[in-house]
Every structure is written in structure tokens, then in C-alpha cells.
Amino acid sequence: MAMEKITDCNEVVSKLYEFLDGELTEERKIVIRSHLDECSPCLEAFEFEAELRAMVSSKSREVCPDYLKDKIASLISNDERKLQNPSE
74 MAMEKITDCN EVVSKLYEFL DGELTEERKI VIRSHLDECS PCLEAFEFEA ELRAMVSSKS
134 REVCPDYLKD KIASLISNDE RKLQNPSE
């Protein structure tokens with residue numbers, strides 16, 4: 074099957090999130106990448122979205138406190154025991 078060529082920038086921009094998330098087929102990724110290599114406005118949009126995503130990701134990494142992890146693990150363990158021994 075011949076590789077399609079995307080000439081519609083709106084289509085490329087609409088697929089940027091899927092492209093960044095790795096949700097496209099390999100063939101579709103190649104087509105999008107080829108368009109980005111040839112179209113500087115779309116490449117700028119891609120670079121902006123990639124940078125924005127990286128910045129948001131780096132700023133939103135909250136660490137769950139150990140006491141909360143322990144509490145959640147305890148609750149899960151208790152629920153599992155209740156499911157295994159419903160008479161208790």
C-alpha cells in the first residue's frame with residue numbers, strides 16, 4: 074500500500090496529541106513526521122505542544138506521602154480479606 078501524503082495542515086494539527094501520545098499507527102506516524110519535516114508552521118505547532126506537555130508534566134509531579142500509601146494499602150488488604158472470607 075502506498076504511503077499517503079498529508080497536505081492538509083488542519084488534519085496534521087488535529088492529530089498532534091495522538092502523535093505525541095504514540096497512539097497512531099507506524100505508517101501514520103511516518104506520514105505526520107514527513108509533513109512536519111516539510112511544513113514549518115505545523116512543526117512550530119508540534120514543538121509548542123511538545124514543550125507545553127513536557128513543562129506541565131514536570132510541574133505536576135506530586136509525591137504521595139508514605140502514610141497515605143500505607144493507609145490505601147491497608148484498606149485494599151482489608152477489602153481483599155473481606156472478599157475472601159465474607160463471613161467475617
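Numbering-wise, the sequence shown is residues 74 to 161 according to our numbering. The beta carbon of each residue, even a glycine, is placed where N, CA and C say it ideally should be.
Endpoints, alpha helix (DSSP H) assigned at residue i
i	result
C82	C82 to S87
P138	It is not in any alpha helix (DSSP H) - P138 carries neither H nor E in the DSSP assignment.
L125	S113 to K132
Sub-8 Å separation of residue i and residue j beta-carbons
i	j	result
L93	A123	yes
H186	V136	Any property of residue 186 remains undetermined from this structure, which presents the chain solely from 74 to 161.
L97	I105	yes
DSSP state of residue i mapped onto helix, strand, coil
i	result
L97	coil
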